[in-house]
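Trainee:
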Amino acid sequence: MASPFIPRVAWRHYGRSHGRIIGTIKRAVVPCASSTRCLHQTSRTTPTLSPALRPSIRNSQRIITPKELGRRTIFIQTEDTPNADALKFKPNHQILPKGFQSPFLEYLSPRATLAPPHPSPLAAQLLNVDGVTSVFFGSDFITVTKDSGTPWAHVKPEVFSLITETINAGTPIVNTVEGKAGESGQDGAEQDTLGYDENDSEVVQMIKELLETRIRPAIQEDGGDIEFRGFHDGQVLLKLRGACRTCDSSTVTLKNGIESMLMHYIEEVQGVQQVMDQEEEMAMKEFAKFEEKLKQQKGPDAIASTVGKGSLDTAEA
Numbered sequence: 141m142a143s144p145f146i147p148r149v150a151w152r153h154y155g156r157s158h159g160r161i162i163g164t165i166k167r168a169v170v171p172c173a174s175s176t177r178c179l180h181q182t183s184r185t186t187p188t189l190s191p192a193l194r195p196s197i198r199n200s201q202r203i204i205t206p207k208e209l210g211r212r213t214i215f216i217q218t219e220d221t222p223n224a225d226a227l228k229f230k231p232n233h234q235i236l237p238k239g240f241q242s243p244f245l246e247y248l249s250p251r252a253t254l255a256p257p258h259p260s261p262l263a264a265q266l267l268n269v270d271g272v273t274s275v276f277f278g279s280d281f282i283t284v285t286k287d288s289g290t291p292w293a294h295v296k297p298e299v300f301s302l303i304t305e306t307i308n309a310g311t312p313i314v315n316t317v318e319g320k321a322g323e324s325g326q327d328g329a330e331q332d333t334l335g336y337d338e339n340d341s342e343v344v345q346m347i348k349e350l351l352e353t354r355i356r357p358a359i360q361e362d363g364g365d366i367e368f369r370g371f372h373d374g375q376v377l378l379k380l381r382g383a384c385r386t387c388d389s390s391t392v393t394l395k396n397g398i399e400s401m402l403m404h405y406i407e408e409v410q411g412v413q414q415v416m417d418q419e420e421e422m423a424m425k426e427f428a429k430f431e432e433k434l435k436q437q438k439g440p441d442a443i444a445s446t447v448g449k450g451s452l453d454t455a456e457a
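Counting from 1 along the sequence shown, just add 140 to a position and that's the residue number in the working numbering.
(1) Leaving aside the five residues before and after Y247 along the sequence, list all residues of the same chain whose C-beta is less than 7 Å from its C-beta, in chain order.
(2) In terms of residues, what are the limits of the beta strand (DSSP E) holding V409?
(3) Mind checking whether F281 and K230 have CB atoms under 7 Å apart?
(4) Return the first residue and the last residue of the alpha helix (DSSP H) that V272 is part of.
(5) Residues bridged to P231 by DSSP?
(6) For E245 versus H258, is the C-beta distance shorter than 7 Å?
(7) Among F368, V284, V272 and K435, which has the Cα closest to the Cα of T218?
(8) Starting from H372, follow its DSSP beta bridges and name the residues at the other end.
(9) Can you pull the DSSP bridge partners for T283?
(10) Below 7 Å between beta carbons: does that hold for Q331 and Q436?
(11) Out of D373, W292 and I313, which one is the CA nearest neighbour of F277?
(12) Have a look at T304 and E298 and give me their C-alpha separation to the nearest angstrom.
(13) Could you tell me whether the region 381-397 touches the region 214-228, where touching means 3 or more Cβ pairs closer than 8 Å?
(14) Does the distance from the CB of V415 to the CB of L380 come in under 7 Å?
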């Protein structure tokens with residue numbers, strides 16, 4: 141088969157026509173300078189910014205201050221105690237300063253919150269709440285005791301608010317100031333009575349060890365603490381604090397719990413007695429007089445009732 145023959149003139153015409161077509165296509169795909177979008181352009185364009193105007197991730201991050209961090213992480217847990225008029229508050233925060241000489245502090249009056257050696261603005265605010273009668277500070281918990289006539293629904297919100305504000309503000313819960321020698325406005329401000337003393341006898345050391353390792357943890361769990369006041373004539377003298385101080389079952393705790401354990405392990409122990417402070421003894425005497433007066437008014441068959449503290453009802457035959 142013979143090869144096709146194309147004249148040279150035809151090749152020149154084809155080349156010129158092909159060049160015009162290629163040139164037309166190239167001109168068609170040149171980016172448009174006008175605002176009209178061409179076919180080859182996409183619907184979205186990425187703006188180009190100078191390095192000075194580009195947003196910096198490092199500069200846009202906000203630093204969280206320790207105060208804000210504390211405000212975000214505070215959590216207060218409440219626990220019931222055997223005493224219906226005492227409630228235990230556990231914030232995730234240290235209450236007593238580190239290295240404090242005593243495991244607890246107890247404030248029984250507004251005056252005690254201002255007196256040396258350990259005044260407490262928080263305790264003063266808590267005792268200013270209607271119905272609150274005492275404030276107890278443990279190492280990591282606060283026990284608030286109220287009177288029986290005030291419901292917890294009126295007390296708890298204010299206690300929560302005061303504790304939260306104090307911790308968020310970073311205000312010291314307990315301060316330390318110098319006072320006169322022997323002056324102590326708070327209970328528990330002295331050295332730990334269960335601590336080691338080289339002058340203690342072997343029996344007293346055994347009593348302290350049992351109280352420290354077996355008794356104190358259980359009492360602290362109930363929102364209180366215990367003090368050792370001495371050992372005389374086979375009797376262990378103790379003082380209950382916090383929620384256990386005004387608990388109706390404190391006598392049962394002393395006799396069935398503490399006394400039984402001490403007598404079981406230490407044969408020299410013959411019994412346990414609760415020690416009362418001078419103010420408490422005076423209050424008990426006044427209460428006894430008041431109770432006797434009510435008995436005379438209601439009759440010899442009047443007995444104490446559980447309706448309220450010190451209330452008396454006539455017993456039915």
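Don't be surprised by glycine CBs; every beta carbon is placed ideally from N, CA and C. Everything numeric in this text was worked out from a predicted model, so none of it was measured.
Mentor: Per the coordinate set shown:
(1) Here the question's residue 247 lines up with position 107 in the sequence shown. For Y247, same chain residues with a beta-carbon under 7 Å away, outside a window of 5 residues either side, are T253, S260, A263, L267, S274, V275 and Q326 in chain order.
(2) The residue labelled residue 409 in the question sits at position 269 within the sequence shown. Element bounds for V409: n/a, residue is neither H nor E.
(3) Stepping through the sequence shown from its first residue, residue 281 is reached at position 141. Stepping through the sequence shown from its first residue, residue 230 is reached at position 90. For F281 and K230, yes; Cβs fall inside 7 Å.
(4) Taking the first residue of the sequence shown as position 1, residue 272 is located at position 132. Per DSSP, V272 belongs to no alpha helix (DSSP H); it is in the beta strand (DSSP E), V272 to F277.
(5) To locate residue 231, count along the sequence shown from 1; it is residue 91. According to DSSP, residue pairing for P231 in a beta bridge involves I216.
(6) In the sequence shown, residue 245 corresponds to position 105, counting from 1. In the sequence shown, residue 258 corresponds to position 118, counting from 1. Note on identity: in this sequence residue 245 is Leu, with Glu being the wrong assignment. For L245 and H258, yes; Cβs fall inside 7 Å.
(7) For the purposes of this step, residue 218 is taken as residue 78 along the sequence shown, with counting starting at 1. Minimum Cα-Cα distance from T218 among the listed residues F368, V284, V272 and K435 corresponds to V284.
(8) As a first step, residue 372 must be located in the sequence shown, where it is residue number 232. Looking at the DSSP assignment, H372 forms a beta bridge with Q375.
(9) Residue 283 sits at position 143 when you count from the first residue of the sequence shown. Answer is K228 and F276, bridged to T283.
(10) Here the question's residue 331 lines up with position 191 in the sequence shown. Here the question's residue 436 lines up with position 296 in the sequence shown. Not closer than 7 Å, so no.
(11) Reading the sequence shown from its first residue, position 137 is the one you call residue 277. Out of D373, W292 and I313, I313 has the C-alpha closest to the C-alpha of F277.
(12) Stepping through the sequence shown from its first residue, residue 304 is reached at position 164. Stepping through the sequence shown from its first residue, residue 298 is reached at position 158. Taking the straight line from one Cα to the other gives about 10 Å.
(13) Result yes; three or more Cβ-Cβ pairs closer than 8 Å.
(14) Residue numbering aside, residue 415 sits at position 275 when the sequence shown is read from its first letter. Residue numbering aside, residue 380 sits at position 240 when the sequence shown is read from its first letter. Taking the C-beta atoms as reference points, L380 is found no nearer than 7 Å to V415.
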